[in-house]
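Peer 1: Have a look at this one.
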Amino acid sequence: PRSFLGGGGGGGSHTHRLPSAAVAVRNLMEQARYGQLCTLMSRSNHRRAGYPFGSVVDFVVDAAGLPIFALSPLAMHTRNLMEDPRSTIVVQMPGWHGMANARVTLFGDISPVAPDRVPIARECFRQKHDSPKHQKLYANSDSFQYFHFTSLHDVYFVGGFGTVAWVDVKQYFEAVPDPITGESEATLRMLNDSFREAIVSLFANEEQDDPDSVNIITIDQRGVDVRLRYGSDYAIRRLCFDEPVDTPEQAAAAMQRITTSQSSDEVGLGGIDVE
Numbered sequence: 005p006r007s008f009l010g011g012g013g014g015g016g017s018h019t020h021r022l023p024s025a026a027v028a029v030r031n032l033m034e035q036a037r038y039g040q041l042c043t044l045m046s047r048s049n050h051r052r053a054g055y056p057f058g059s060v061v062d063f064v065v066d067a068a069g070l071p072i073f074a075l076s077p078l079a080m081h082t083r084n085l086m087e088d089p090r091s092t093i094v095v096q097m098p099g100w101h102g103m104a105n106a107r108v109t110l111f112g113d114i115s116p117v118a119p120d121r122v123p124i125a126r127e128c129f130r131q132k133h134d135s136p137k138h139q140k141l142y143a144n145s146d147s148f149q150y151f152h153f154t155s156l157h158d159v160y161f162v163g164g165f166g167t168v169a170w171v172d173v174k175q176y177f178e179a180v181p182d183p184i185t186g187e188s189e190a191t192l193r194m195l196n197d198s199f200r201e202a203i204v205s206l207f208a209n210e211e212q213d214d215p216d217s218v219n220i221i222t223i224d225q226r227g228v229d230v231r232l233r234y235g236s237d238y239a240i241r242r243l244c245f246d247e248p249v250d251t252p253e254q255a256a257a258a259m260q261r262i263t264t265s266q267s268s269d270e271v272g273l274g275g276i277d278v279e
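Set out below in structure tokens:
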């Protein structure tokens, strides 16, 4: 199991439709691999000191949901952090599109990982970024230095159009990400391979033409989000499970019931159009 790199803890009732905001954010942080790290330009860079500086970084989270980074000592953001730890990271839900994208901003302080905690940080990276390329990349301790959120001050969540919430930090730490998100990439690959054609048929009864392509892009205990493409237009639809799922096998069984249902009301067809 993943370890806690720093402090903090690491819930809610089944609501059929969507998880709570705190759980949704924890699920997002579990499933995402990359984020927009924003640091403050340091005086040592001699240009735009004090201005925000954004960069794309890969990350993992520890058991408390606090992000961990493997940063090059030569990178601008690393030099900025060594002078001022105040930072934000903006993380988007993988597979979404445009302004409807679920996203979260974490505000906090980022510092180097203590030497005795580096093996924990490296193991967290190994569990999530398990490709041979990443294994070789992050095994070289001379090329990268591990950093992590040593404190979390605030959490701002946008769940899509019309869904905005400041998530209490205590609730964030207390929330437990849905177990199904732990191996989400493999689970989504399995569900797409097994049910893609059935999902096309599921949406074929809508007033518009059949979708050109469908792809399950995210999953949680209560359902999946499906991206549909109609030519150059996209839509996101939510398919709700009839009962919570914790394992890929349970998710497959729930999708089987959805795709063989006779009524869209039974499966909670809903969603938004995405430009």
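Residues 5 to 279 (the numbering used here) make up the sequence shown, in order. Just so it is clear, CB atoms sit at the ideal spot from N, CA and C, and this is done for glycine as well. In this text the structure is predicted, and so the values were computed from the model without any measurement.
For L41, which option in N84, R30 and A106 has the closest C-alpha, if you only look at C-alpha atoms?
Peer 2: Taking the first residue of the sequence shown as 1, we reach residue 41 at position 37. Out of N84, R30 and A106, N84 has the C-alpha closest to the C-alpha of L41.
Peer 1: Could you work out which residue in R52, L195, V29 and G39 is closest to A258 when comparing CA atoms only?
Peer 2: Residue mapping note: residue 258 aligns to position 254 of the sequence shown, counting from 1. Considering only alpha carbons, the answer is L195.
Peer 1: Taking DSSP as the reference, what is the three-state secondary structure of V60?
Peer 2: Position 56 of the sequence shown, counted from the first residue, corresponds to residue 60. Here DSSP, grouped into helix, strand and coil, assigns V60 to strand.
Peer 1: Considering only C-alpha positions, which residue in the set P89, D237, V171 and E127 is nearest to V27?
Peer 2: Working through the sequence shown from its first residue, we reach residue 27 at position 23. Nearest to V27 by C-alpha distance, out of P89, D237, V171 and E127, is V171.
Peer 1: For the putative contact between A125 and Y150, defined by C-beta atoms under 8 Å, what is the C-beta separation to the nearest angstrom?
Peer 2: Here residue 125 refers to the residue found at position 121 of the sequence shown. Here residue 150 refers to the residue found at position 146 of the sequence shown. Going by Cβ atoms, the distance from A125 to Y150 rounds to 4 Å, so yes, they are a contact pair.
Peer 1: Which of helix, strand or coil does DSSP assign to P71?
Peer 2: Counting from 1 along the sequence shown, the entry for residue 71 is found at position 67. P71: strand per DSSP, three-state reduction.
Peer 1: Check Y2 in the structure and name its three-state DSSP category.
Peer 2: The requested residue 2 is not part of the displayed model; the chain covers only 5 to 279.
Peer 1: Alpha carbon to alpha carbon, what distance is there between D120 and N105?
Peer 2: Locating residue 105 in the sequence shown gives position 101, counting from the first residue. Locating residue 120 in the sequence shown gives position 116, counting from the first residue. Using only the alpha carbons, I get a separation of about 38 Å.
Peer 1: Where does R226 fall in DSSP's three states?
Peer 2: Residue 226 sits at position 222 when you count from the first residue of the sequence shown. If DSSP states are grouped into helix, strand and coil, R226 belongs with coil.
Peer 1: Taking the alpha-carbon positions, what's the G15 to P181 distance?
Peer 2: By one-based count along the sequence shown, residue 15 stands at place 11. By one-based count along the sequence shown, residue 181 stands at place 177. Low confidence applies here, because G15 scores a pLDDT of 32, under 50, leaving its location unreliable; read the following figure in that light. Between G15 and P181, the C-alpha separation is close to 8 Å.
Peer 1: Need the endpoints of the alpha helix (DSSP H) that A240 sits in, please.
Peer 2: By one-based count along the sequence shown, residue 240 stands at place 236. The identity of residue 240 in the sequence shown is Ile, whereas the question assumes Ala. Per DSSP, I240 belongs to no alpha helix (DSSP H); it is in the beta strand (DSSP E), D237 to C244.
Peer 1: With DSSP run on the structure shown, which of helix, strand or coil describes T109?
Peer 2: Against the sequence shown, residue 109 aligns to sequence position 105. The answer is strand: DSSP assigns T109 an E or B state.
Peer 1: Give every residue of the same chain whose Cβ lies closer than 7 Å to the Cβ of F245, excluding the five residues on either side of it in the sequence, and list them in chain order.
Peer 2: Residue mapping note: residue 245 aligns to position 241 of the sequence shown, counting from 1. Excluding residues within five positions, the ones whose Cβ falls inside 7 Å are R226, G227 and A258.
Peer 1: Taking S236 as the reference, give the member of P77, A202, D216 and I114 with the closest Cα.
Peer 2: Translated into positions along the sequence shown, residue 236 becomes position 232. Closest by alpha carbon: D216.
Peer 1: Quick check on the burial criterion: 16 or more other C-beta atoms within 10 angstroms. Buried or exposed for V60?
Peer 2: Working through the sequence shown from its first residue, we reach residue 60 at position 56. Counting Cβ neighbours within 10 Å, V60 comes out exposed, since fewer than 16 surround it.
Peer 1: Applying the criterion that 16 or more other CB atoms from any shown protein chain within 10 Å of the CB defines a buried residue, is Y163 buried or exposed?
Peer 2: On the sequence shown, residue 163 is found 159 positions in, with the first residue counted as 1. Sequence check: residue 163 is Gly here, not Tyr. It counts as buried.
Peer 1: Is DSSP giving R83 helix, strand or coil here?
Peer 2: Mapped onto the sequence shown, residue 83 falls at position 79. DSSP places R83 in helix when its eight states are reduced to three.
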